[in-house]
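Using this note's numbering, you'd call the opening residue of the sequence shown number 1 and step up by one each time.
We treat Cβ as the ideally placed atom computed from N, Cα and C, and that holds for glycine.
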Amino acid sequence: MNMDELKQSCHELSLPVTEKCNPISRDIDRVNGKQMVQILRKCDAEIFEKKNHDPFHQRLYSSPVIQTMVDVAKRVEMMLRDPEESLIVLSGCGTSGRIAFLLVTSFNEMVKAPKQKQICSYIIAGGDRAMLTSQEAPEDDPALGARMLDKICAGKKHVLFVGISCGMSMYSMQAPFVAGQLDFCLKHLDVFTPVLLGFNPVHMARSEPMQDCSFHFKDVAERMIAEQRHKKAFVLNPVLGAEAISGSSRMKGGSATKIILESILLAGHEAAFRGKRVTPECISAWITASEMVYETTYSHSDELAALIHQAGESLQMKAHVYYIGWQTLGIIGLTDASECVPTFGADFDDIRGFINNGFREMKNKEGDLSFLGPEFVIGHKDFVDTILPSLSQNDVMLFLFTVNDDLHEVTALADQVRRRTSNLHAIAHDLEKFTIPETVCNMFGTVLHITWSFSSEEVNSVVMRQRWELSTKWCLNAISTGAHVLKGKVYMNYMIDLRVTNSKLYRRAINILQRFTGCSKGECERALLRAIYSTDDLSEDMTSADVWKHTDVANRRDQVVPTALVMIQCGCTLAEARHHLDCHPVIRDAVSACFSSSKTKSTMD
Ligand code: S6P
């Protein structure tokens with residue numbers, strides 16, 4: 001191992017699990033659709049990994065994790081038995097907040113029966129608009145998090161609060177929001193039972209100060225662990241292995257959040273209303289059911305690869321991918337599409353989601369947000385009015401539905417779309433005893449058609465729907481990630497052209513530069529600041545400004561990380577680096593060319 005490699009591997013070891021580079025997906029930018037599906041399949045398999053190679057890391061199936069899930073499920077049961085005085089709140093930023101919304105939607109659907117009161121609510125940093133767009137500023141505010149929590153809990157005697165942060169605010173500016181809420185709960189343990197859900201060991205939590213905040217995240221996490229001994233607080237932090245695209249916690253992190261919290265809520269529900277005891281066995285059984293969803297979904301790898309290929313071609317031609325979903329599959333589509341903007345620096349209309357009946361179907365707290373702008377125009381009717389007239393053959397249409405949706409509506413819309421394009425595909429779920437008619441499936445080119453073997457007697461319809469949601473999430477994450485990889489947005493398994501819009505992403509940017517150049521943190525940060533402030537001569541004002549100032553400026557700049565990388569690697573000026581990037585519009589090619597030119601240069605030297 002040479003010096004550079006040694007530096008790189010030491011640097012990698014110091015990273016928290018959720019930010020690490022996954023060795024399985026290291027070459028994801030060089031493979032075809034089929035191989036990509038196999039890589040994603042292996043990365044997702046790590047969620048359910050039973051063998052524990054590292055004694056310091058608990059896995060999802062580890063007994064202490066299952067036991068904590070049992071304890072939290074018993075709290076859910078207690079809350080459901082005393083609905084007048086109780087509230088369950090799920091809260092998070094970005095994807096974590098979106099999953100919280102989805103879970104609350106289906107849980108409230110489950111307790112719709114007479115005499116059952118809906119006692120579950122969600123908080124997403126930035127409010128409901130954050131469900132469709134990324135909202136950075138409110139995520140940065142611990143006091144705001146605490147205030148929002150205090151407000152929705154007014155008058156309640158028992159509150160079970162679940163703060164979700166996949167990276168456990170490892171690098172994140174979002175930290176203050178969830179940490180502020182947990183701190184608030186810890187100060188009022190007579191009313192609140194706080195639960196922290198994340199996927200890094202606590203000792204790796206961030207211990208540097210947060211903006212306008214007297215505590216840091218590690219401090220909150222340690223106080224939580226101390227209270228866990230008296231069952232007054234709970235920390236759920238199994239390790240899932242690194243993400244397929246480094247740091248992209250919308251993937252495994254989002255799926256595991258859904259699996260864990262669904263299992264807890266369902267077990268609590270069964271205990272309260274069906275007299276079933278919450279046991280480690282029943283929690284494990286719910287997780288195993290999700291594992292079965294994983295197996296079944298990825299067994300359709302040929303169709304999934306075909307859809308990745310089609311979506312990739314479409315993005316390469318600067319065309320669009322439209323997800324047309326029904327009910328909660330519509331929400332999964334909207335979520336996946338909106339995440340491509342912060343994850344891949346995509347335009348909001350590169351991949352877009354639509355849902356039947358728009359906001360009426362979403363049933364979000366703040367109601368119709370379509371007045372906020374085009375990103376918030378989400379109904380099928382809006383699609384027909386605004387997009388369909390100019391739809392091109394290069395645009396990919398992907399319908400997302402199940403046998404429980406209105407199939408007349410599905411076929412009528414598919415018929416309308418077919419008059420404009422044949423590039424029409426579907427992900428469709430049904431049951432062995434209740435299948436989607438062939439005439440419907442025949443309307444689509446590629447159909448990822450999954451016929452599930454569980455029967456409606458076995459599981460209730462909400463549970464079935466949750467499994468279809470999870471399966472669709474896996475498919476769409478694979479399609480949108482795969483399509484952006486094929487477009488050349490990813491180098492190795494790093495999203496190198498990330499938009500540096502918050503402190504988590506600022507630190508991730510420096511990590512990426514360190515990883516590829518082997519230079520020190522200081523050198524990498526300087527190059528990053530030169531790219532952000534668009535100068536070769538950094539002033540004192542620039543270098544001494546805080547991270548929030550840097551990210552505010554970076555938000556308005558394109559290609560800051562690739563520019564910094566080329567400047568370091570080629571030892572060139574800002575203008576030269578930009579010229580290099582202009583000559584290579586595909587980021588992957590630009591970075592490869594920069595590495596090969598610097599290698600040639602050093603050989604000649
Ligand atoms: C990640 C996604 C982000 C995160 C958000 C919250 O793929 O783009 O929106 O969900 O930053 O992160 P965390 O670690 O607090 O759950």
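Through-space distance from LEU40 to ASN357, alpha-carbon basis: 33 Å
Those runs of the alpha helix (DSSP H) which lie wholly inside the stretch 371–431 and span at least 4 residues: Qualifying alpha helix (DSSP H) stretches, in chain order: 407–418.
Under 7 Å between C-beta atoms of LEU240 and GLU12: no
Straight-line gap, SER592 to HIS580 (C-alpha atoms, nearest Å): 11 Å
Hey, would you say the C-beta of SER290 is under 6 Å away from at least one heavy atom of the ligand S6P? Checking the Cβ of SER290 against the ligand S6P gives no.
Secondary structure of ILE436, DSSP reduced to three states: Three-state result, ILE436: coil.
Thinking just about the alpha-carbon of each residue, which of SER596, LYS521, TRP452 and GLN559 is nearest to the one in CYS570? SER596
Separation of ASP336 from SER172, as counted between CA atoms: Any reading at SER172 must be qualified, since the residue scores a pLDDT of 47, below 50, and its modelled position is unreliable; the value itself is stated next. So the two alpha carbons sit approximately 21 Å from each other.
Quick check on DSSP: helix, strand or coil for THR472? helix
Could you give the DSSP three-state label for PHE516: helix, strand or coil? helix
Can the beta-carbon of ILE587 be found closer than 7 Å to that of PRO562? yes
Assuming LEU102 contacts GLU366 (C-beta within less than 8 Å), just tell me the rounded distance between them. About 16 Å separates the two Cβ atoms, so there is no contact after all.
Specify the secondary structure class of LEU90 as computed by DSSP and reduced to three states. strand
Between the Cα of ASN22 and the Cα atoms of ASP128, LEU565 and SER248, which residue gives the shortest distance? With distances taken between Cα atoms, ASN22 lies closest to SER248.
What do you reckon, is the C-beta of CYS166 under 6 Å from a heavy atom of the ligand S6P? yes
Can you tell me which residues form a DSSP beta bridge with THR451? According to DSSP, THR451 bridges with ASP430.
Cα-Cα separation, ALA554 to PHE348: One C-alpha to the other measures close to 19 Å.
Report the CB separation of CYS43 from ILE24 in whole angstroms; it is logged as a contact under 8 Å. Indeed, because the Cβ distance is near 5 Å, the residues count as touching under 8 Å.
Neighbourhood of ILE646 by C-beta distance below 8 Å, restricted to the same chain and skipping five residues each side: Because the chain spans 1 through 605 in this model, residue 646 falls outside it and cannot be assessed.
Where ASN423 falls, given that 16 or more other Cβ within 10 Å makes a residue buried: buried
Taking the alpha-carbon positions, what's the ARG578 to GLN416 distance? 45 Å
For CYS583, the first and last residue of its enclosing alpha helix (DSSP H): 574–583
Should PRO342 be counted as a contact of the ligand S6P given a C-beta to heavy atom distance under 6 Å? yes
Alpha-carbon to alpha-carbon, GLY198 and SER165: 5 Å
Please decide whether ASN356 counts as near chain B, where near means a Cβ-Cβ distance under 7 Å. In the structure shown, chain B cannot be found, because there is only a single protein chain.
Taking DSSP as the reference, what is the three-state secondary structure of PHE444? coil
What are the partner residues of LEU196, as DSSP defines its beta bridges? GLY163 and VAL235
I need the boundaries of the alpha helix (DSSP H) containing GLY312, first residue and last residue. 301–316
Please tell me whether GLU432 and SER461 are closer than 7 Å, where the distance is taken between their beta carbons. no
How big is the Cα-Cα spacing for ALA100 and GLU77? 19 Å
Cβ of GLY94 within 6 Å of any heavy atom in the ligand S6P? yes
Ordered along the chain, which non-local residues of its own chain (more than five positions away) have a Cβ less than 6 Å from that of LEU486? GLY312
For ILE264, I'd like the list of residues in its chain whose CB is within less than 7 Å of its CB, leaving aside the five on either flank, ordered along the chain. The beta carbon of ILE264 lies closer than 7 Å to those of MET69, VAL72, ALA73 and VAL76 in the same chain, with the five residues before and after it left out.
Bounding residues of the alpha helix (DSSP H) (the contiguous stretch that carries ILE264): 252–274
Taking C-beta to C-beta, are LEU606 and HIS425 nearer than 7 Å? Since the first and last residues shown for the chain are 1 and 605, residue 606 lies out of range.
For GLU339, verify whether its CB is less than 6 Å away from any heavy atom of the ligand S6P. GLU339: yes, Cβ under 6 Å from the ligand S6P.
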